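Protein chains in written order, with the numbering used here: chain A, 23 to 174; chain B, 5 to 735. C-beta atoms are modelled at their ideal positions from N, C-alpha and C, and glycine is treated no differently. Keep in mind that this is a model prediction, so the values were computed, not measured. Remarks on the structure that follows.
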Amino acid sequence: MKFLVNGVEREADVTDDMPLLWVLRDELGITGVKYGCGIAQCGACTVHIDGLAVRSCQIRAADVDGEVTTIEGLGTPDALHAVQEAWVEHQVAQCGYCQSGQIMQAAAFLDLNPEPTDEAIDFAMSGNLCRCGTYPRIRAAVRTAAKKLQEA
Amino acid sequence: MAFGVYLANRAIPNPLLETLGEGEAAITPFVKIASDGITLITPRADKGQGAYSIQAYLIAEELDIDPLSVTISPGAPGPAYYNSAVLGEGVPVPAYDHSPVAETLRDATGAVAKILALQMTGGSSTVPDMYSRMREAGAVARETLKQAAANRLGVPRGDLKTENGMVIMPSGEAIAYTDLAAEAAEISPIRKVALRPRADWKRLGKRENPRIDIVAKSTGTEIYGIDYAVEGMVFASICANPGIGGGLKSYDASKAEKMPGVQKIMEVKSGNAGVAVVASNTWYAIEAANAIDCEWAAPDYPASSAEMWDLLEDAVDNEGAFDHRQRNEGNVAAALSEGAVYEAQYRVPFLAHAPMEPMNAIVKVADDRIDIWTGTQIPLFVRNRAADLTGLEKDNVHVHVQPMGGSFGHKLEMTHVEQAIEVAMAMEGTPVKFTWSREEDMTHDYPRPASVMHGRGRVADGKVETFDISVAQQNMAGEWFGRLSGMRLAGPDATITTGSWDQPFAIPNYRVTGYKAPNLVPVSSWRSVGASANGFFHDCFLDELIHEAGADPLEERIRLCLDNTSRKVLEAVGELSSWDGPSMGENRGRGVAFCMSFGVPVAEVIEVTMTDAGLRLDRAFAVADIGLALDPTNAEAQLFGGMIYGLSHAINSELTYENHGAQQNNYHVYEGLRLYQTPEFTVKILENSPKIHGIGEPGLPPAAPALGNAIFAATGQRLREMPFHKFIDFV
Numbered sequence: 023m024k025f026l027v028n029g030v031e032r033e034a035d036v037t038d039d040m041p042l043l044w045v046l047r048d049e050l051g052i053t054g055v056k057y058g059c060g061i062a063q064c065g066a067c068t069v070h071i072d073g074l075a076v077r078s079c080q081i082r083a084a085d086v087d088g089e090v091t092t093i094e095g096l097g098t099p100d101a102l103h104a105v106q107e108a109w110v111e112h113q114v115a116q117c118g119y120c121q122s123g124q125i126m127q128a129a130a131f132l133d134l135n136p137e138p139t140d141e142a143i144d145f146a147m148s149g150n151l152c153r154c155g156t157y158p159r160i161r162a163a164v165r166t167a168a169k170k171l172q173e174a
Numbered sequence: 005m006a007f008g009v010y011l012a013n014r015a016i017p018n019p020l021l022e023t024l025g026e027g028e029a030a031i032t033p034f035v036k037i038a039s040d041g042i043t044l045i046t047p048r049a050d051k052g053q054g055a056y057s058i059q060a061y062l063i064a065e066e067l068d069i070d071p072l073s074v075t076i077s078p079g080a081p082g083p084a085y086y087n088s089a090v091l092g093e094g095v096p097v098p099a100y101d102h103s104p105v106a107e108t109l110r111d112a113t114g115a116v117a118k119i120l121a122l123q124m125t126g127g128s129s130t131v132p133d134m135y136s137r138m139r140e141a142g143a144v145a146r147e148t149l150k151q152a153a154a155n156r157l158g159v160p161r162g163d164l165k166t167e168n169g170m171v172i173m174p175s176g177e178a179i180a181y182t183d184l185a186a187e188a189a190e191i192s193p194i195r196k197v198a199l200r201p202r203a204d205w206k207r208l209g210k211r212e213n214p215r216i217d218i219v220a221k222s223t224g225t226e227i228y229g230i231d232y233a234v235e236g237m238v239f240a241s242i243c244a245n246p247g248i249g250g251g252l253k254s255y256d257a258s259k260a261e262k263m264p265g266v267q268k269i270m271e272v273k274s275g276n277a278g279v280a281v282v283a284s285n286t287w288y289a290i291e292a293a294n295a296i297d298c299e300w301a302a303p304d305y306p307a308s309s310a311e312m313w314d315l316l317e318d319a320v321d322n323e324g325a326f327d328h329r330q331r332n333e334g335n336v337a338a339a340l341s342e343g344a345v346y347e348a349q350y351r352v353p354f355l356a357h358a359p360m361e362p363m364n365a366i367v368k369v370a371d372d373r374i375d376i377w378t379g380t381q382i383p384l385f386v387r388n389r390a391a392d393l394t395g396l397e398k399d400n401v402h403v404h405v406q407p408m409g410g411s412f413g414h415k416l417e418m419t420h421v422e423q424a425i426e427v428a429m430a431m432e433g434t435p436v437k438f439t440w441s442r443e444e445d446m447t448h449d450y451p452r453p454a455s456v457m458h459g460r461g462r463v464a465d466g467k468v469e470t471f472d473i474s475v476a477q478q479n480m481a482g483e484w485f486g487r488l489s490g491m492r493l494a495g496p497d498a499t500i501t502t503g504s505w506d507q508p509f510a511i512p513n514y515r516v517t518g519y520k521a522p523n524l525v526p527v528s529s530w531r532s533v534g535a536s537a538n539g540f541f542h543d544c545f546l547d548e549l550i551h552e553a554g555a556d557p558l559e560e561r562i563r564l565c566l567d568n569t570s571r572k573v574l575e576a577v578g579e580l581s582s583w584d585g586p587s588m589g590e591n592r593g594r595g596v597a598f599c600m601s602f603g604v605p606v607a608e609v610i611e612v613t614m615t616d617a618g619l620r621l622d623r624a625f626a627v628a629d630i631g632l633a634l635d636p637t638n639a640e641a642q643l644f645g646g647m648i649y650g651l652s653h654a655i656n657s658e659l660t661y662e663n664h665g666a667q668q669n670n671y672h673v674y675e676g677l678r679l680y681q682t683p684e685f686t687v688k689i690l691e692n693s694p695k696i697h698g699i700g701e702p703g704l705p706p707a708a709p710a711l712g713n714a715i716f717a718a719t720g721q722r723l724r725e726m727p728f729h730k731f732i733d734f735v
């Protein structure tokens, strides 16, 4: 089966029903995407398919139709995406395990809603669980990222 | 605390000396200099609390290097990395007592930890334990590098300075530390060093210094244990007995054997019995494990939550179950013998840790050695158990500690590593990445113990006069230590009343008694463990008595407080929250709570509104005194993070048991706080305490009582059992 991931065509020999999450992690070695629950409750596995945020634990390999972007394709340590810049600026991460998903969710959300209200931010980000309790800084970082993207 | 003179204790050898390459220097167990770079050894594990970062900054402050430009490694586990502070919580003197007797007792526990070589991360102990040791390591390394340069140049060491990883000559010329590695390795370390005074610090205590892991954690490039890869590895998972410690009677894997990717199915006896599947992908392994039919043997603890609650209720105030009484002031019996006695009963449930990263380990058994890559707080216990299971010498067990995607105490256990070792032994020569599914993780957790409290009190003339609580819990500390070490920990379990007996209040008649229930489902530590229950018991019952007396909740706590540092914390939270009483108008209210845990007094205020859609948390305030904030930005994050973890469980979560197994198996039935439920936070760190303390846990205990007290203020309903969502709807 062929996949377009972060601009590169990749191939994996998997069953049709393997969730995209496990294709990325165990077949392609792309580990920025995280396994947290497997049932779309935590959002740690969030990636973009053609720019839309999806829970990769719920997408069957055979159903992937479009370009997949993972956190590795959003930005890199030397070339951060505006959302990642805001995450660094606010020192959001604690354990950091959920943050790939949080950042992918925020990036796709701000793409659709560049000037979000606080209520819209709370609503959009509430599917992403953080057990360390970084929420106050996630809230602040999404606001900052929105400004950065506006100015860009 | 400004100057200290360091004299080396040579009793424990430097483990780095055994692993050095040609031309590399290991001046202390914490600093390795090679011609191609500097490595700092940060042996306290990072589970998200920022331990690696603060350990690196402590060394960097004295060594004059940029911690972002060097390699950080947890190092190989070894006795040189013992934790001298973690046992200090168990001493029978409260943390606000700084008398010589109290300090002698604390020092004695540090010596015990050194003898036991207790390399462990926990108990908010990293900062107090490492505060001096790691700065000393940096200073010893710096002075030794200067001596190496002095020898080369033929000038006195005192004429040299250091800056940004280089020794600077009087002429201004610079030699990189890395160029001095070979020469530094040849000389005896300079061990008599003076630590720099706080006023001269360039990095510690400064808000602008980023955590060393933030960029990696914002770009998906941090490699956690679950992400680590070893050439040629296969993937495995397990289906284990939901009754913890019960055996496997029989199993039918005929369906699983035919499933895609499956390479091997095997019975596992270590840790917790079950059937493991080795496959070409973790998902194939989990799917196949779920398809195995198992017949389990029952473990030897009660089968249901109902039976466990009965045993806890039987133990409380039962003389036969008496465990300890570390607070007994005035004459409680006499005070309660006449007139109206105010009584209340509380309980808290079993709780899962449920960090985002499920338990996992990569194990390779080959060529008379075993390598284990895993995120763990207890690397030496893992090493010892691996030696037992494989029959290999401890020197041939190599534990490579990985960063953790959360723990909250979960990774103070190692059942999953034992299971992984048994699978890897059967796959000798092939590395096995072994991962618990979320369901396996939640149902095989060693939870925070459930406990119950019975309280009695009296008030007079608008004041709290008598406060008497009894708490019953199973022997958490003994069970946990026994499971890890095979040793029996005799004596009382202090965690039963930690957070109750040791509070800095002067109440005329004041008594706290711990009772030991029989062993229920096997339990473990958990973020702030004893104080997570006792903070709720002590503070909410105190709040009840204060309301009964008709006093102001904040003013009466301040009046009763006997510790200056704690009193300032209470006053500060009043100021921060503009406290003017618990009432805030119709359907609104605020609650204050206080708990001192791990030596840190913390006061929190929460404001709530009862809306048509349920109770909403509006604003939260927290003040903590940690003596000295080495990384203020991260200390604040730990404070509100601890509070949010406390609120998550206060509102939403519990583990219940039927047929010996936990009934909650994933986040949909074990909810954490979500962003939309999270109030706006204002937090403040104070530095009045005479000692430095960690802040990973102390933010948690006051969270539930602050919320419970706020709910009472807003609605008149007093909640005495967690989780609160069983009794009240939340937005």
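Shown here, residue 90 of chain A sits in a strand according to DSSP, grouped into three states. Think of a sphere of 8 Å around the beta carbon of residue 145 of chain A: the chain B residues whose beta carbon falls inside it are 680, in chain order. Just measuring C-alpha positions, the residue of B:61, B:141 and B:179 sitting nearest residue 18 of chain B is B:141. Secondary structure at residue 23 of chain A: coil, using DSSP grouped into helix, strand and coil.
Beta-bridge partners of residue 544 of chain B (DSSP): none assigned.
Counting along the chain, no alpha helix (DSSP H) covers residue 470 of chain B; the unbroken beta strand (DSSP E) around it starts and ends at 467-477. For residue 158 of chain A, the nearest beta carbon of chain B is closer than 7 Å to its own beta carbon. The count of Cβ pairs closer than 8 Å, one atom from the region 349-369 of chain B and one from the region 408-419 of chain B, reaches three, so the stretches are in contact. Annotation: Cβ neighbours of residue 648 of chain B in chain A (cutoff 7 Å, chain order): 155 and 157. Membership of residue 281 of chain B in the beta strand (DSSP E) is indicated by the continuous run 278-283.
For residue 140 of chain A, the enclosing alpha helix (DSSP H) has its first and last residue at 140-147. Proximity to residue 133 of chain A across A:45, A:31 and A:174 peaks at A:174, based on C-alpha coordinates. Looking at the DSSP output, residue 41 of chain A shares a beta bridge with A:82. The three-state reading of DSSP puts residue 483 of chain B in helix, counting H, G and I together.
When the Cα atoms are used, residue 87 of chain B and residue 463 of chain B turn out to be separated by approximately 44 Å. When secondary structure is reduced to three states using DSSP, residue 241 of chain B falls in the strand class. Annotated three-state conformation of residue 111 of chain A is helix, per DSSP. Here the alpha carbons of residue 89 of chain A and residue 691 of chain B stand approximately 52 Å from one another. In terms of Cα proximity to residue 226 of chain B, the closest of A:119, A:79 and A:27 is A:119.
Beta-bridge analysis with DSSP links residue 271 of chain B to B:279.
At the C-beta level, residue 645 of chain B and residue 708 of chain B stay beyond 7 Å of one another.
Residue 671 of chain B reaches chain A at 58, 59, 61, 63, 64 and 151, counting residues in chain order whose Cβ is nearer than 9 Å.
With a cut-off of 8 Å on Cβ pairs, the region 437-452 of chain B is in contact with the region 524-536 of chain B, counting three or more such pairs.
If you check each beta-carbon in the region 282-296 of chain B against every beta-carbon of chain A, the ones closer than 7 Å belong to 285, 286 and 287.
Within chain B, the residues whose beta carbon sits less than 9 Å from that of residue 49 of chain A are 284 and 285, listed in sequence order. Ranked by how close their Cα comes to the Cα of residue 292 of chain B, the residues B:309, B:82, B:312 and B:268 have B:268 in first place. Inter-segment contact for the region 155-162 of chain A and the region 672-685 of chain B is present: three or more beta-carbon pairs are separated by less than 8 Å.
Taking the Cβ atoms as the reference, residue 59 of chain B lies roughly 13 Å from residue 75 of chain B, outside the contact range of under 8 Å. A check of alpha carbon separations from residue 338 of chain B across B:471, B:544 and B:566 identifies B:471 as the nearest. In this structure, residue 706 of chain B sits near residue 606 of chain B, with a CB-CB distance shorter than 7 Å. The continuous beta strand (DSSP E) containing residue 33 of chain A extends over residues 30-33.
Distance from the CA of residue 209 of chain B to the CA of residue 157 of chain B, rounded to the nearest whole angstrom, comes to 35 Å. Here residue 532 of chain B has 601, 701, 704 and 705 as same chain residues with Cβ atoms under 6 Å from its own Cβ, once five neighbours each way along the sequence are excluded. Listed in chain order, the non-local C-beta contacts of residue 153 of chain B below 7 Å within the same chain comprise 164, 171, 179 and 184, local neighbours out to five positions each way being set aside.
Listed along the chain, the chain B residues whose CB falls inside 9 Å of the CB of residue 120 of chain A are 360, 409 and 410.
For the options B:261, B:240, B:275 and B:230, the alpha carbon positioned closest to that of residue 249 of chain B is the one of B:275.
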